[in-house]
Amino acid sequence: MFKINWVNNFLFLHHKNFDKKVPKIIPKSIMAKDFSTRAENYAQWYNDLVIKADLAENSAVRGCMVIKPYGYAIWEKMQAALDKMFKDTGHSNAYFPLFIPKSFLSKEADHVEGFAKECAVVTHYRLKNADDGKGIVVDEDAKLEEELIIRPTSETIIWDTYRNWIQSYRDLPLLINQWANVVRWEMRTRLFLRTAEFLWQEGHTAHSTKEEAIEETLKILDIYADFAEKWMAVPVLKGLKSANERFAGAVDTYCIEALMQDGKALQAGTSHFLGQNFAKAFDVKFLSKDNQLEYVWATSWGVSTRLMGALIMAHSDDNGLVLPPKLAPIQVVIVPIYKNYGQLNEISIKANEIKNSLIAKGISVKYDDRDTQKPGWKFSEYEFKGVPVRLAIGPRDLENGTVEVARRDTLEKEIYQITDIENKVIHLLDQIQVNLYHKAYAFREENTYRVDTWDDFKVQIEKGGFILAHWDGTSETELKIKDETKATIRTIPLDNKQEVGFCVYSGRPSKERVVFAKAY
RNA sequence: CGGGAUGUAGCGCAGCCCGGCUAGCGCGCCACGUUCGGGACGUGGAGGCCGCGAGUUCGAAUCUCGCCAUCCCGACCA
């Protein structure tokens, strides 16, 4: 294989001998005229990317998005991988209602306080023609006896149900997951990162002992971290949330936390140890082996379409989306280069051979032989959509038994001999997956700082990144820091190194550093 | 809910101040031809309740009033 490089088309066109090594070139940026760069405006870059890569768009309903086929295909791949991980660890899927009776929500005091401000409420069940004949109005005669809340999360309806499912220790553990939509009436929304309605999975488990429930909480946290790192190629910190950031109704909230390219943190998944809070609120008891009536121990855990936002922001560049091969809907695209239909037919025979050999290896391949777009247009299009590997085959390749291979992560192009192409491509896909993770990991390392003084803290937090600093452990201090800098404690890492120090804000003694950052 | 802005073709915009021919431009779209190894070009064409409703006027995208919607900035959040 040869790396080729080209300075411009002119040079390329006048290069006759393609077996020769040519200087290495990075293709000039396509830089679509109407696409922002990260440096110019990171938020705009993200929005442009989501829309122009055809992942999602805003809908007629404020705060709600339409997930388009290409974006949904990525979500489906995420779902498939996670679902298998859940099943492999003994969980089963089920489905609970969208609507929650208002009275359920108020049974757990912290829970209702956390969610009350952002609930959509159904009050009526019928419409009628307006008296003035213009349109339809709510029929006031059809008022619900008890209003229904559209679920912001399902703990309450699920625990009300579990009461009837659990009588004895023999019914435990109960390991249930559901894939669902939820609604949280957010003020400000952003595609994937924060929408009024979003898709997620929520696991809800019941256990006979505290230890087992904690073990479950941590097992799921490991699954989330594994998924983020091995599938999304996004390195994450595993840790505990501070009291301020804890899930409403939980005893402990664990999380995986990722760092985005603009230096802001993003919570990518949470796993909660709920103690006996919901069991007590919904009166869920079981008879133990020694015939004692006890409250069950609970966990809940979830990841959402927000992962899409993390995926996009972690890897993509100023040329568009960059997807890790394991989650890319199209892993390899083949583009034919031809001058006439005779050539196209010959190339198609070879292209389809390659396509079939890749498919046989489990690779998802698209052969784009549309005559309606030109090769250059297709190159840009697939580059923008983050397809990891592109193969181009033209007449010269037919003569030479070669194919041009371009990788999205580095934008490098090489000429491969077509022999054994499927294994070469598989190897390349693996390389890309690994490279993306290493790149993201290196970025996080470069943007993680140990800070010991309040002045340094204030300066560094403005620059972004993870800040490791001592904290006195109080909510008051955390809130004051948030007031003054907008930074919060993202996580207290598991297996955190214990070291003597002094709180960066209050100066009081501290035994470990915690992770501060501004967050999405 | 406070502060700021914007509504004109599928998308992005000009026109509005100073009212006046058939409301324009770029991209996209359709047809035909030449092209095709990094977003091609030519020619022809389709597409508009100028956010909605009143008012002023011989005449309103343009001026006045009201309404609606959306976006940005803050408080809340996976």
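Residue 6 is where the first sequence starts when you use the numbering used here, and the numbers rise one by one after that.
We treat Cβ as the ideally placed atom computed from N, Cα and C, and that holds for glycine.
None of the values given here were measured: they were computed from a predicted structure.
Residue i and residue j closer than 8 Å at C-beta
{"i": "residue 359", "j": "residue 317", "result": "no"}
{"i": "residue 301", "j": "residue 204", "result": "no"}
{"i": "residue 372", "j": "residue 356", "result": "yes"}
{"i": "residue 404", "j": "residue 418", "result": "no"}
{"i": "residue 52", "j": "residue 196", "result": "yes"}
{"i": "residue 160", "j": "residue 96", "result": "no"}
{"i": "residue 366", "j": "residue 431", "result": "yes"}
{"i": "residue 437", "j": "residue 334", "result": "no"}
{"i": "residue 5", "j": "residue 162", "result": "With the chain running from 6 to 525 in the structure shown, residue 5 is simply not present."}
{"i": "residue 228", "j": "residue 83", "result": "no"}
{"i": "residue 520", "j": "residue 234", "result": "no"}
{"i": "residue 72", "j": "residue 86", "result": "no"}
{"i": "residue 158", "j": "residue 220", "result": "no"}
{"i": "residue 4", "j": "residue 255", "result": "The question about residue 4 has no answer here: the residues shown for the chain are numbered 6 through 525."}
{"i": "residue 154", "j": "residue 124", "result": "yes"}
{"i": "residue 468", "j": "residue 490", "result": "no"}
{"i": "residue 244", "j": "residue 415", "result": "no"}
{"i": "residue 390", "j": "residue 58", "result": "yes"}
{"i": "residue 457", "j": "residue 509", "result": "yes"}
{"i": "residue 107", "j": "residue 287", "result": "no"}
{"i": "residue 222", "j": "residue 167", "result": "no"}
{"i": "residue 342", "j": "residue 380", "result": "yes"}
{"i": "residue 273", "j": "residue 119", "result": "no"}
{"i": "residue 392", "j": "residue 413", "result": "yes"}
For residue j and residue i, believed in contact at Cβ under 8 Å, the rounded distance
{"i": "residue 291", "j": "residue 362", "result": "Going by Cβ atoms, the distance from residue 291 to residue 362 rounds to 56 Å, so no, they are not a contact pair."}
{"i": "residue 394", "j": "residue 434", "result": "6 Å"}
{"i": "residue 525", "j": "residue 240", "result": "No, residue 525 and residue 240 are not in contact; Cβ-Cβ is about 17 Å, not under 8 Å."}
{"i": "residue 407", "j": "residue 304", "result": "Actually they do not touch by this definition, with Cβ atoms about 55 Å apart."}
{"i": "residue 264", "j": "residue 449", "result": "5 Å"}
{"i": "residue 126", "j": "residue 152", "result": "5 Å"}
{"i": "residue 320", "j": "residue 238", "result": "7 Å"}
{"i": "residue 5", "j": "residue 174", "result": "Nothing can be reported for residue 5: it is not among the residues displayed for the chain, which extend from 6 to 525."}
{"i": "residue 276", "j": "residue 494", "result": "Rounded, the Cβ-Cβ distance is 17 Å, inconsistent with contact."}
{"i": "residue 453", "j": "residue 473", "result": "7 Å"}
{"i": "residue 315", "j": "residue 271", "result": "5 Å"}
{"i": "residue 202", "j": "residue 69", "result": "5 Å"}
{"i": "residue 249", "j": "residue 480", "result": "5 Å"}
Per-residue burial, residue i [other beta carbons within 10 Å of its own, 16 or more giving buried]
{"i": "residue 378", "result": "exposed"}
{"i": "residue 310", "result": "buried"}
{"i": "residue 141", "result": "exposed"}
{"i": "residue 514", "result": "exposed"}
{"i": "residue 518", "result": "buried"}
{"i": "residue 370", "result": "buried"}
{"i": "residue 502", "result": "exposed"}
{"i": "residue 313", "result": "buried"}
{"i": "residue 424", "result": "exposed"}
{"i": "residue 354", "result": "exposed"}
{"i": "residue 282", "result": "buried"}
{"i": "residue 324", "result": "buried"}
{"i": "residue 236", "result": "buried"}
{"i": "residue 28", "result": "Note that residue 28 scores a pLDDT of 29, beneath 50, so its modelled location is shaky; the value from the coordinates is reported in the next line. Under this definition residue 28 is an exposed residue."}
{"i": "residue 242", "result": "buried"}
{"i": "residue 143", "result": "exposed"}
{"i": "residue 512", "result": "exposed"}
{"i": "residue 488", "result": "exposed"}
{"i": "residue 307", "result": "buried"}
Coil, strand or helix - residue i by DSSP
{"i": "residue 117", "result": "helix"}
{"i": "residue 96", "result": "coil"}
{"i": "residue 205", "result": "strand"}
{"i": "residue 353", "result": "helix"}
{"i": "residue 280", "result": "strand"}
{"i": "residue 345", "result": "coil"}
{"i": "residue 40", "result": "coil"}
{"i": "residue 151", "result": "strand"}
{"i": "residue 259", "result": "strand"}
{"i": "residue 307", "result": "strand"}
{"i": "residue 71", "result": "strand"}
{"i": "residue 130", "result": "coil"}
{"i": "residue 327", "result": "coil"}
{"i": "residue 287", "result": "coil"}
{"i": "residue 55", "result": "helix"}
Residue i CB to nearest heavy atom of the ligand SAH below 7 Å
{"i": "residue 80", "result": "The ligand content of the structure shown is nil, which means the ligand SAH is not present either."}
Any beta strand (DSSP E) of 3 or more consecutive residues that is wholly inside the region 406-438: 407-412 and 418-422
In chain order, each alpha helix (DSSP H) run of at least 4 residues that lies wholly inside the region 443-501: You should have 459-468 and 480-490.
Those runs of the beta strand (DSSP E) which lie wholly inside the region 198-255 and span at least 3 residues: 202-212 and 242-245
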